[in-house]
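Encoded as structure tokens, the structure appears first; notes follow it.
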Amino acid sequence: MVALGMVDNAARAARHGRPHAALPEERADAWRALHDTFVREAREAGIAGRPRCRVLFLGDSITEAMRGTQFSEAYDELRPRSEAFREAFPRGDVFAFGISGDRTQHLLYRVRNGELEFRHPPRVVVITIGTNNVGRDNDEAHDIFLGLRACIGEVLTRLPGSKVLLPGILPRGPPVGARAQMPPAPGEDSTYHSGVAEEPTPLAAGYKVSKYAQPGAHTAVIGHVNRRLAALAAGSGGLVKYVDCAECFLTEDGTALRSDLMRDALHPTAAGMRAWLAKLKPEIENFGVADEGSGPRMDVSPTLPSTAFNHGSLDTVDEQSRSLVEHLVSWTPHALCVSHMTPKGDGPIVYCNDNFVLQTGYSVEEILGRDCRFLQSTNDVDTEALSAIRSAIAEGRACRVRIMNYHKDGTELVNDLELIPLHSDSGKVTHYLGIQRFRRNTTDGGELGDKSRTVPSTGGAYSKL
């Protein structure tokens with residue numbers, strides 16, 4: 001069943017052009033029941049005498065343990081962890097929405113389907129997700145990051161005024177050379193066994209490896225994801241903060257997990273929960289949330305000014321259109337740019353995402369403020385496609401064309417370009433969103449040889465942004 005699930009995930013990812021870690025996905029009935037509980041708690045927060053949610057933890061079993069449950073079932077072994085959570089946040093205004101076994105794709109479904117429907121948005125959302133993508137699905141670091149980025153973008157889009165704090169993926173077992181097993185039941189102790197048929201080493205005498213040894217089998221992937229999260233946060237304009245929590249669970253020399261803090265080499269014990277929350281609580285407070293809740297509201301940026309999301313500004317774009325563009329950029333694999341339609345008739349680029357920078361080869365400084373015509377050749381002008389574009393802009397409508405563009409290094413790029421008008425409240429077209437599906441021209445004729453072929457507009461909702 002695992003192999004079949006991986007095939008299904010791969011097929012689904014291929015259809016959507018995104019890794020399955022970044023595609024929202026539901027789970028079984030028990031999962032649905034707990035998700036519905038979180039939706040209800042979000043909607044009821046702050047009404048009928050219930051406390052508002054000041055801080056929201058989103059995640060998997062590590063977060064669900066803050067409630068003392070696993071799939072909503074209470075366990076004596078988990079009660080001390082929930083007590084540690086209540087000791088750290090005694091006022092009842094810090095919520096924990098976690099479901100055991102969840103991956104990024106499951107959290108993405110949850111936040112898109114009701115778990116963020118607060119009357120009063122929390123000031124900080126703490127996202128701890130991804131360890132099951134690593135340990136159960138063996139997802140690649142890039143795919144896990146894209147799933148996390150999609151979740152972050154969803155939170156920032158749906159909760160205006162909220163900020164996101166990222167503890168990253170916590171260090172975990174199994175050690176290098178061990179055969180991974182399903183996590184033990186809460187509080188159970190176990191030893192990972194080597195799956196390699198070779199002479200025992202001093203580290204694995206008797207074919208047993210200390211499950212606490214670090215670096216572990218997943219350390220490289222976890223490190224790669226966490227470095228990308230740190231870079232995302234550094235360029236987020238203060239909307240996202242990354243906190244390295246690995247040291248909370250490692251020995252001083254970093255060669256092992258502390259067994260008293262992470263007994264099963266995966267889930268924090270009650271002592272581990274206290275150590276972790278002791279690290280996170282001041283970070284949350286310093287991120288703009290005083291424990292008394294009496295401080296001013298955090299400043300809210302109208303855009304996502306992150307090098308991991310975008311470059312430039314959407315300040316001049318209508319609020320509704322801006323929100324939809326920001327939502328789109330959180331998951332799309334394509335290159336995006338937004339051009340401002342000026343009275344002179346030109347369209348300087350005011351915004352682009354990372355994919356636009358990476359796929360064209362130009363730096364941000366070389367892109368912003370220039371018309372998209374800089375991607376064309378002065379010697380080989382694609383007149384048919386340009387005529388279709390000019391006609392659509394003059395009439396204020398959407399269009400799709402195939403046009404030949406050029407990478408900074410001179411390589412031909414076939415661009416299936418979709419232009420979508422963005423309107424002001426008065427209905428005037430103020431900007432155009434360009435969705436570029438670039439691919440290098442490696443064929444002679446055939447499908448890509450008809451470089452200026454126009455294709456019908458997709459129209460639909462996007463044509464009325």
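For the record, in the sequence shown the residue sitting at position 188 is 188 according to full-length UniProt numbering, with numbers rising by one throughout. Ideal placement from N, C-alpha and C gives every residue a C-beta, glycine not left out.
How would you label residue i, buried or exposed, when you count the other beta carbons within 10 angstroms and need 16 or more for buried?
| i | result |
| --- | --- |
| H120 | exposed |
| K408 | exposed |
| N415 | buried |
| P282 | exposed |
| T157 | buried |
| R274 | buried |
| G107 | Note that residue 107 is Leu in the sequence shown, not Gly. So L107 counts as buried. |
| E366 | exposed |
| K428 | exposed |
| V350 | buried |
| I222 | buried |
| P122 | buried |
| R439 | exposed |
| K344 | exposed |
| N138 | exposed |
| G216 | buried |
| T383 | exposed |
| G272 | buried |
| I47 | exposed |
| A233 | buried |
| T360 | buried |
| D143 | buried |
| G59 | buried |
| L23 | buried |
| L358 | exposed |
| A308 | Note that A308 scores 42 on pLDDT, short of 50, meaning its location in the model is unreliable; the coordinates nonetheless yield the value given after this. Looking at its Cβ environment, which holds 16 or more other Cβ atoms inside 10 Å, A308 is buried. |
| P167 | buried |
Report the CB separation of residue i from residue j in whole angstroms; it is logged as a contact under 8 Å.
| i | j | result |
| --- | --- | --- |
| D211 | P175 | In the sequence on display, residue 211 carries Lys and not Asp. With a Cβ gap of about 6 Å, K211 and P175 count as contacting. |
| R86 | A270 | Wrong, their Cβ atoms sit about 12 Å apart, outside the cutoff. |
| T69 | F97 | Not really, about 12 Å apart at Cβ, beyond 8 Å. |
| residue 498 | L239 | Residue 498 is absent from the structure shown; the chain starts at 1 and stops at 465. |
| A42 | R52 | Rounded, the Cβ-Cβ distance is 11 Å, inconsistent with contact. |
| A178 | Q214 | Incorrect: roughly 12 Å between the Cβ atoms, too far for contact. |
| K279 | L165 | So it is not a contact: roughly 11 Å between Cβ atoms. |
| D371 | P348 | 6 Å |
| F145 | R228 | 5 Å |
| A84 | L277 | 7 Å |
| H311 | H431 | Incorrect: roughly 16 Å between the Cβ atoms, too far for contact. |
| A141 | H20 | Their Cβ separation, rounded to whole angstroms, is 15 Å, which puts A141 and H20 out of contact at 8 Å. |
| V125 | V155 | 5 Å |
| S321 | L422 | 4 Å |
| C399 | L419 | 5 Å |
Can you tell me where the alpha helix (DSSP H) holding residue i begins and where it ends?
| i | result |
| --- | --- |
| I367 | V364 to I367 |
| S100 | Where S100 is concerned, there is no enclosing alpha helix (DSSP H), given that its DSSP letter is neither H nor E. |
| H142 | A141 to R158 |
| F71 | Looking at the DSSP string, F71 is not in any alpha helix (DSSP H), and its letter there is neither H nor E. |
| V39 | D29 to E44 |
| F57 | Here F57 belongs to no alpha helix (DSSP H); instead the beta strand (DSSP E) covers V55 to G59. |
| A233 | T219 to A234 |
| T131 | T131 to G135 |
| F85 | R79 to A88 |
| K281 | A270 to N286 |
Where DSSP assigns a beta bridge to residue i, which residues make up the other side?
| i | result |
| --- | --- |
| E412 | Y406 |
| F118 | For F118, which the question treats as bridged, DSSP gives no partner whatsoever. |
| L257 | L250 |
| H423 | V429 |
| Y212 | Answer by DSSP bridge pairing: none, since Y212 is not bridged. |
| Q436 | A335 and L417 |
| I47 | The partner list for I47 (beta bridge, DSSP) is empty, contrary to what the question assumes. |
| I349 | S339 |
What residue does the beta strand (DSSP E) around residue i start on, and which one ends it?
| i | result |
| --- | --- |
| H340 | A335 to H340 |
| F356 | Looking at the DSSP string, F356 is not in any beta strand (DSSP E); the run it does join, the alpha helix (DSSP H), is D354 to T360. |
| T316 | From DSSP, T316 is part of no beta strand (DSSP E); its letter is neither H nor E. |
| L386 | Premise fails: L386 lies in the alpha helix (DSSP H), T383 to E395, not in any beta strand (DSSP E). |
| V126 | V124 to T128 |
| K241 | V240 to Y242 |
| residue 468 | An answer regarding residue 468 cannot be provided, because it is not within the stretch 1 to 465 covered by the chain. |
Kindly confirm or deny that the segment 366 to 378 and the segment 390 to 406 touch, where touching means at least three C-beta pairs closer than 8 Å. yes
Evaluate contact between the segment 249 to 261 and the segment 156 to 175, counting only Cβ atoms and requiring at least three cross-stretch pairs below 8 Å. Yes, they touch.
Is the number of C-beta pairs between the segment 72 to 79 and the segment 144 to 155 that are closer than 8 Å three or more? no
At a cut of 8 Å, does the segment 130 to 139 reach the segment 102 to 118 through at least three beta carbon pairs? For the pair of segments examined, the segment 130 to 139 was found to touch the segment 102 to 118: the number of CB pairs separated by less than 8 Å reaches three.
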